[in-house]
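Under the working numbering, read the sequence shown as residues 6 to 134, first letter to last.
To start, the structure under review is shown below, and the notes come after it.
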Amino acid sequence: MVTKWAVPVQNRLPCGRGSVSTVPANMSYTKLATMSELPEGALIEVVRGKELYALCNVAGEVRAMAGVCPHHGGPLGQGGLEGSIVSCPWHAWPFNSKTGACEFNPDLRVPVYAVRVEGADILVDIPDA
Ligand code: FES
6 MVTKWAVPVQ
16 NRLPCGRGSV
26 STVPANMSYT
36 KLATMSELPE
46 GALIEVVRGK
56 ELYALCNVAG
66 EVRAMAGVCP
76 HHGGPLGQGG
86 LEGSIVSCPW
96 HAWPFNSKTG
106 ACEFNPDLRV
116 PVYAVRVEGA
126 DILVDIPDA
């Protein structure tokens, strides 16, 4: 029996299944929280679909980053915030909330997203679900 693949060969994962998108995802500003949920100095986790985001408020500036640690997948939004540094709750790797860079290895980055605050709503420029 011959298997027909819906995914082009060049886009398949190494296991031969699924796909790796070669087209940038569409992005749009999406409400993820309100300012009352994120007072100054707070760090929260937001779940949207299958994605996790970590939002923090650094001296009144709202920042958004991917919510999964690149080390072993710790939930960054459940970690700690000290100044502008988000620490993973599992093994304490520190990430700059503005750049996403790991403090001890700047080549290691967590995606960060543009944020707009409209009224009380926090809108984050994230990939469309
Ligand atoms: S999973 Fe985040 S530091 Fe290990």
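Here a beta-carbon is modelled for each residue, glycine too, at the ideal position from N, C-alpha and C.
Everything numeric in this text was worked out from a predicted model, so none of it was measured.
What did DSSP end up calling residue i once you bin it into helix, strand or coil?
i    : result
E42  : helix
G85  : strand
K103 : coil
A69  : strand
P111 : strand
S26  : At S26 the pLDDT is 46, less than 50, meaning the model places this residue with poor confidence and gives no usable figure here.
T75  : Note on identity: in this sequence residue 75 is Pro, with Thr being the wrong assignment. Of the three classes helix, strand and coil, the one that applies to P75 here is coil, per DSSP.
Return the CA-CA distance between residue i and residue j, expressed in angstroms with no decimal places.
i    : j    : result
W98  : G78  : 11 Å
V52  : A71  : 10 Å
A106 : D133 : 24 Å
P44  : A59  : 14 Å
V129 : Y118 : 6 Å
S89  : K103 : 7 Å
S26  : R121 : Caution applies to S26, whose pLDDT of 46 falls short of 50 and renders its modelled position unreliable; the value that the coordinates give is listed next. Those two C-alpha atoms are separated by around 27 Å.
A47  : S33  : 24 Å
V67  : H96  : 24 Å
A30  : P116 : 14 Å
Determine whether the beta carbon atoms of residue i and residue j lie at a separation below 7 Å.
i   : j    : result
L81 : C61  : no
T39 : D126 : yes
P94 : Q83  : yes
How far does the beta strand (DSSP E) with residue i in it extend, from its first residue to its last?
i    : result
N62  : E56 to V63
D126 : D126 to P132
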